[in-house]
Amino acid sequence: MSSTPGPSRSPLQRAVYLCFGLMMVGLGIIGAILPLIPTTIFLILAAWCFSRSSPRLEAYLMNSRFGGPLRDWRENGAISRKSKMLALMGMSVGYAVFLIGSKPSVFLAIVVGASILACAAYVVSRPGSAEPNQLEESDG
Numbered sequence: 002m003s004s005t006p007g008p009s010r011s012p013l014q015r016a017v018y019l020c021f022g023l024m025m026v027g028l029g030i031i032g033a034i035l036p037l038i039p040t041t042i043f044l045i046l047a048a049w050c051f052s053r054s055s056p057r058l059e060a061y062l063m064n065s066r067f068g069g070p071l072r073d074w075r076e077n078g079a080i081s082r083k084s085k086m087l088a089l090m091g092m093s094v095g096y097a098v099f100l101i102g103s104k105p106s107v108f109l110a111i112v113v114g115a116s117i118l119a120c121a122a123y124v125v126s127r128p129g130s131a132e133p134n135q136l137e138e139s140d141g
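Now the structure itself:
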């Protein structure tokens, strides 16, 4: 369910949400091109911003090729199995790169590791997608 911009939002608020939404779409596009940078979370944030600024852009995003995961998240808080696996692999690789590249103190390594584990636990705890994702459809 989307909220409409309505009279309760000032033009300035709508402009801020619109700019933030466009920035999130830009980051999502970068994430679709570069490995280890997420796409869907930025598009979820963009859809949220557009729901408060531009119903037309929200509808466009929700009906784009990324619309399935966005609808799954909005309606059920669901993440597909493939997306969970990619997220967990990305977190693992990111943590390994952090450890090797920055050689952090033990305290910082533990804090960052605990933060990543908390994020991983949240991702794993989300229900699975109701719709099969594109990879599962092509396997069948």
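Be aware that the sequence shown starts at 2, since it is given in this note's numbering, and climbs by one per residue.
Quick reminder that beta carbons are idealized off the backbone N, C-alpha and C, glycines included.
Note that the structure is predicted; figures quoted are calculated from it, not measured.
Scanning the region 51-101 for uninterrupted alpha helix (DSSP H) segments of 4 residues or longer gives 56-63 and 68-77, listed from N- to C-terminal end. With respect to the C-alpha of Trp-74, the residue from Val-125, Tyr-96, Ile-42 and Gln-14 having the closest C-alpha is Ile-42. In terms of Cβ geometry, Arg-53 and Tyr-96 do not form a close pair [threshold 7 Å].
Distance from the CA atom of Asn-64 to the CA atom of Ala-121, rounded to whole angstroms, is 28 Å. At a Cβ-Cβ threshold of 7 Å, Gly-27 and Leu-44 do not count as neighbours.
Take the alpha-carbon of Phe-108 and the one of Met-92: they are about 19 Å apart. The three-state secondary structure of Pro-128, taken from DSSP, is coil.
In the three-state reduction of the DSSP assignment, Ile-117 falls in the helix class. The three-state secondary structure of Thr-40, taken from DSSP, is coil.
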